[in-house]
Structure formats: C-alpha cells, structure tokens
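Residue numbers (my numbering): 31 to 485.
By construction, the Cβ of each residue, glycine as well, lies at the ideal position given by its N, Cα and C atoms.
Bear in mind the structure is a predicted one, so any value in this text is a computation, not a measurement.
The structure appears below as structure tokens.
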Ligand code: SF4
Ligand code: SF4
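And the structure:
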C-alpha cells in the first residue's frame with residue numbers, strides 16, 4: 031500500500047490529486063491463487079466494487095452474490111461453491127491508498143522520446159490515451175476511405191500479465207508447440223545465424239537448431255514479456271523432456287530484462303522459414319512469422335491461435351471478410367490492429383461486415399478478384415501474341431495463364447513479370463503493372479462472429 035505511489039505515472043498521480051479521487055487497491059491475483067481460483071479474479075473484484083461503491087449495502091451485496099453462486103455453480107459441487115464464497119469474502123480486503131496533496135503540483139510536461147512511426151505518434155497514441163476526440167481532421171489526410179495501418183498493436187506493450195513463461199533450454203525438444211498454441215503470438219522460436227548470435231548477450235541461452243537445413247544456426251524460444259497475457263497455455267502444452275517441462279510461469283517482475291531479447295529477435299533476426307516447408311507440419315509452421323499478433327483477445331483465447339496459424343500459412347496474400355463478433359473486436363479495435371505484415375511488407379487485408387451478411391460480403395471479394403484477374407488474364411493473352419514482347423517475356427505470360435489459380439506458383443511468376451515489365455514503354459505492359467496487386471492469387475477467408483456462423 032505504501033509503495034503504490036512509486037509505481038504510478040506522475041500524470042496519473044496529478045489527475046488523482048487534482049480531482050479529489052479516492053484510490054483503492056486489492057491484490058486479487060494473489061487472493062485468487064491462494065483460494066484455488068487460479069487467475070480468475072472477477073468475483074473478488076466484483077465484491078471489492080460493492081465494498082467501496084456502496085451502491086447497495088455491502089452486506090446485502092454479499093448475500094446476493096452468494097445466492098447467485100449457489101444458483102450458478104450449485105451443480106458443480108461444494109468445493110467450487112466454497113472457493114467462490116471465499117472470493118466474495120476476501121473481496122472485502124480492499125484498502126484505500128492515500129492520495130497525497132502534493133501530487134497535484136507534479137510537473138508532467140516532460141516529453142518522452144518516442145521512436146515510433148509518425149502514424150503511431152500522431153494517431154494511435156492519442157487515441158489510446160482517450161484523446162482521439164481532440165485529433166484534427168488533418169491527421170487523417172490520405173485515409174479518407176477508412177484504411178488503417180497494419181500492426182499497430184505492436185506499439186502498445188501493455189505488460190498486463192501477472193506471470194509470464196520462462197524457458198529452460200535443457201528441457202526443450204524444439205517442438206514449437208508452445209508457439210503454436212499461444213493466442214497472442216508472444217512466444218516464438220527464433221533461428222539465428224552466426225552473425226545474429228553475436229548481437230545477444232553471453233548470458234542468453236541458445237540451443238543448436240535441430241535439422242540438417244539449419245546447420246550452423248542456433249535456436250531460442252523467446253517470450254515477449256510485455257505482450258504476453260499470462261494464460262499459461264504454452265506451459266500446459268509443453269511436453270518437455272522426461273516429464274520435465276521446458277516452460278514455467280514466474281512473476282513478470284522477474285522477467286522485464288528478457289524483453290530486450292524479444293526486441294532484438296524481432297528487429298535483428300531474419301526469418302529462416304524459407305529453409306523448411308512451413309505447410310508440412312506444426313513444427314515447421316511456427317518458423318513463419320505470425321501476421322496476426324498481440325491482439326486484445328481475452329487471455330487464453332481459443333480462437334486466435336487458429337487465425338494466427340492461417341496467417342502464418344497464407345497471410346502474405348490473404349483477404350479476410352470478418353463478421354461482427356469477438357473476432358472483429360480483437361481483429362481491429364481501433365486504434366489497435368493485430369494484423370500485420372512480413373519482411374516484404376505483405377500481410378492480410380481485413381474488412382468488417384456487419385452481422386449476418388458476411389457470407390455475401392466475402393463472396394463479393396471472390397467475385398471482384400475473379401473479375402479483375404480475368405482482365406489481367408486477357409492482357410496476358412494479348413501480350414503473349416504481341417510482337418512488342420520477347421520470347422522469354424511471352425513464356426512468363428503463358429506460365430501465368432497456366433498457373434493463375436495456383437497460389438504459390440503464381441506468386442513467383444508474378445514477381446518475375448513485374449520485374450521484366452517495369453520501365454517498358456508499352457501500353458499493355460503499363461496496364462498489367464497498374465493491376466499488379468491482382469497478379470497473385472488471393473487466399474480469401476470469411477471469419478464468423480456472434481451474429482453470423484458464430485465465432
Ligand atoms: S502465457 Fe499465454 S500469452 Fe503468454 S506466451 Fe504463454 S501462451 Fe502466450
Ligand atoms: S513446447 Fe516446450 S519443448 Fe516444445 S519448443 Fe516450446 S519450450 Fe521447447
């Protein structure tokens with residue numbers, strides 16, 4: 031209670047003092063753990079709310095909460111009822127923290143250095159700070175159609191988990207299952223070449239990467255401490271060695287130092303996914319960068335690992351039609367966008383329909399793509415018969431026509447076509463280039479929500 035002031039930002043302290051706000055704390059995380067509720071703190075906090083708000087007499091609130099516990103969990107046995115009763119009783123342990131009068135005079139005008147892109151500084155940060163209403167229209171110039179930047183979620187770094195996993199390489203079999211089940215893409219295998227290994231501190235543990243194709247590289251399971259939501263799914267799934275898990279949940283306060291290793295991995299370690307067939311098995315799929323990361327889905331969400339996996343397999347050419355529901359809320363809660371892009375700047379495009387029309391919405395994507403790509407096909411036909419193009423160029427046009435609907439093959443051919451047509455003074459070439467984004471075959475997905483096909 032005495033330490034709270036040391037952990038609050040000055041602007042928060044100032045606001046509390048200037049507005050005569052009362053401040054209360056309760057260590058609900060510890061209480062839930064002690065009474066056997068794991069990380070479920072909601073009943074404790076509900077009880078604490080009634081204790082401090084006095085919206086109804088606290089005794090009456092306790093009586094009613096206990097009555098509903100019997101109604102909701104009666105069939106689950108006495109043990110569950112007892113735990114929830116304890117949660118209600120201990121919610122009353124809430125304590126008031128003194129808001130010091132001198133906090134009102136704190137100087138909070140210092141500007142912190144921020145290396146984030148302009149869009150993050152000018153739009154995302156103010157909106158996250160609930161100052162979006164004050165933004166001038168001019169910051170949205172160029173976004174009149176409502177498009178938003180990819181991957182803004184990566185700049186939030188909320189650090190909200192009470193405990194996070196720590197990796198013990200001695201027990202790791204490099205199966206990548208931890209990364210596969212993580213709902214938030216906050217634990218990942220990284221493969222480092224010799225140069226990349228040198229940038230890490232000596233104390234940072236590495237393993238020799240398993241597999242011939244990875245010869246000369248090192249392997250590390252890295253946790254993103256500040257984006258992890260502490261669900262423990264990775265720990266639960268980890269097979270470890272001889273029954274000894276390679277992951278263990280520990281208090282986040284012991285792991286802040288590990289964040290710099292995550293930052294190093296994402297900034298300086300290149301993807302080695304091209305060394306394996308990422309579509310062959312679960313292990314390989316996790317070497318691909320997730321193009322859906324740090325969503326605001328609930329801790330331990332069961333849907334997001336599937337979405338994340340799909341983006342690892344098809345994300346660089348993916349279009350998503352999303353119905354409204356959980357999947358649209360964690361998919362794009364402005365200003366936070368978890369859909370992101372790869373090293374080539376390619377990632378899923380995403381748009382939200384309202385409720386029950388999502389099938390038609392997604393079908394519209396399919397029809398639009400087919401129509402535009404038919405136009406490209408006509409141009410390729412024309413070009414393949416024109417004397418203005420060389421034999422090797424014509425060969426590429428024919429290959430494109432033959433592989434038009436083969437997602438992976440046409441990606442390669444399209445890149446070659448763009449390279450050979452760039453700079454050509456020819457009307458057909460120019461028109462093909464103007465339709466460049468339709469050259470690759472899109473992987474179109476229709477995601478459900480509460481209002482359509484369920485999540
Ligand atoms: S605890 Fe949950 S959110 Fe954190 S790394 Fe493990 S699976 Fe991901
Ligand atoms: S699940 Fe466990 S054993 Fe498998 S890669 Fe992750 S830490 Fe290693």
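Requested in this report: Give the straight-line distance between the Cα atoms of residue 67 and residue 329, rounded to the nearest whole angstrom.
Outcome: Looking up residue 67 in the chain shown gives position 37. Looking up residue 329 in the chain shown gives position 299. Note on geometry: alpha-carbon atoms of residue 67 and residue 329 lie some 15 Å from one another.
Query raised in the report: Is there at least one non-hydrogen atom of ligand 3 closer than 7 Å to the beta-carbon of residue 482?
Result: This structure lacks ligand 3; its bound ligands are ligand 1 and ligand 2.
Query raised in the report: Which same chain residues, not among the five before or five after residue 150, have their C-beta less than 6 Å away from its C-beta?
Result: Indexing the chain shown from 1 puts residue 150 at position 120. Excluding positions up to five away in sequence, the list reads 185.
Requested in this report: With residue 65 as the anchor, note down where its beta strand (DSSP E) starts and where it stops.
Outcome: Counted from its first residue, the chain shown places residue 65 at position 35. Where residue 65 is concerned, there is no enclosing beta strand (DSSP E), given that its DSSP letter is neither H nor E.
**Report entry** Buried or exposed by the 16-neighbour rule on C-beta atoms within 10 Å, applied to residue 265
**Finding:** To locate residue 265, count along the chain shown from 1; it is residue 235. With 16 or more Cβ atoms within 10 Å of its Cβ, residue 265 is classed as buried.
Query - Given residue 352 as reference, the closest of 377, 372 and 387 once Cα atoms are compared - result: Here residue 352 is taken as the residue at index 322 of the chain shown, counted from 1. When 377, 372 and 387 are compared, the shortest CA-CA separation from residue 352 is found for 387.
Requested in this report: Determine the DSSP secondary structure at residue 217, reduced to helix, strand or coil.
Outcome: Counting from one through the chain shown, the residue named residue 217 turns up at place 187. Of the three classes helix, strand and coil, the one that applies to residue 217 here is strand, per DSSP.
Query raised in the report: What residues does ligand 2 have around it, judged by CB closer than 7 Å to any heavy atom, in chain order?
Result: 197, 201, 202, 203, 204, 205, 206, 207, 208, 209, 219, 251, 264, 267, 268, 269, 270, 275, 276 and 277
Requested in this report: Examine ligand 1 and report whether any of its heavy atoms sits within less than 7 Å of the Cβ of residue 213.
Outcome: Working through the chain shown from its first residue, we reach residue 213 at position 183. Residue 213 has its Cβ nearer than 7 Å to a heavy atom of ligand 1.
Query raised in the report: Would you report the Cα separation of residue 338 and residue 369, rounded to the nearest angstrom?
Result: Locating residue 338 in the chain shown gives position 308, counting from the first residue. Locating residue 369 in the chain shown gives position 339, counting from the first residue. So the alpha carbons of these two residues sit roughly 9 Å apart.
Query raised in the report: From which residue to which residue does the beta strand (DSSP E) around residue 278 run?
Result: Here residue 278 is taken as the residue at index 248 of the chain shown, counted from 1. Note, residue 278: beta strand (DSSP E), 277–281.
Requested in this report: Return yes when the C-beta of residue 332 is under 7 Å from any heavy atom of ligand 1, and no when it is not.
Outcome: Position 302 of the chain shown holds residue 332. Flag unset: Cβ of residue 332 not near ligand 1.
Query raised in the report: residue 250 bridges to which residues according to DSSP?
Result: The sequence position of residue 250 within the chain shown is 220, counting from 1. Residue 250 is bridged to 220.
Query raised in the report: Just curious, the alpha helix (DSSP H) that residue 324 is in, first and last residue?
Result: Stepping through the chain shown from its first residue, residue 324 is reached at position 294. No alpha helix (DSSP H) holds residue 324; DSSP gives it neither H nor E.
**Report entry** Endpoints, alpha helix (DSSP H) assigned at residue 430
**Finding:** Indexing the chain shown from 1 puts residue 430 at position 400. Segment 421–433, the alpha helix (DSSP H) holding residue 430.
Report task. Can you grab the Cα-Cα spacing for the pair residue 145 / residue 153, in whole Å? Result -> Mapped onto the chain shown, residue 145 falls at position 115. Mapped onto the chain shown, residue 153 falls at position 123. Distance between the alpha carbons of residue 145 and residue 153 is about 14 Å.
Query raised in the report: Would the C-beta of residue 281 count as close to ligand 1, meaning under 7 Å from any of its heavy atoms?
Result: Here residue 281 corresponds to residue number 251 of the chain shown, with the count starting at 1. Taking 7 Å as the cut-off, one finds no heavy atom of ligand 1 near enough to the beta carbon of residue 281.
Query - Spatial distance of residue 141 from residue 263 (CA atoms) - result: Residue numbering aside, residue 141 sits at position 111 when the chain shown is read from its first letter. Residue numbering aside, residue 263 sits at position 233 when the chain shown is read from its first letter. Cα to Cα, the separation comes out at about 38 Å.
Query - Per DSSP, cross-strand counterpart(s) of residue 274 - result: The count along the chain shown starts at 1 and reaches residue 274 at position 244. Answer is 271.
Requested in this report: Would you mind working out which of 355, 243 and 271 sits nearest residue 306, comparing C-alpha positions?
Outcome: In the chain shown, the residue the question calls residue 306 occupies position 276. Considering only alpha carbons, the answer is 243.
Query raised in the report: Between which two residues does the beta strand (DSSP E) harbouring residue 55 extend?
Result: Taking the chain shown and counting its residues from 1, one reaches residue 55 at position 25. It spans 53–55 - the beta strand (DSSP E) in which residue 55 sits, taken as one unbroken run.
Report task. Identify whether residue 344 lies in helix, strand or coil by the three-state DSSP scheme. Result -> As a working note, residue 344 is residue 314 in the chain shown. Collapsing the DSSP output to three states places residue 344 in a helix.
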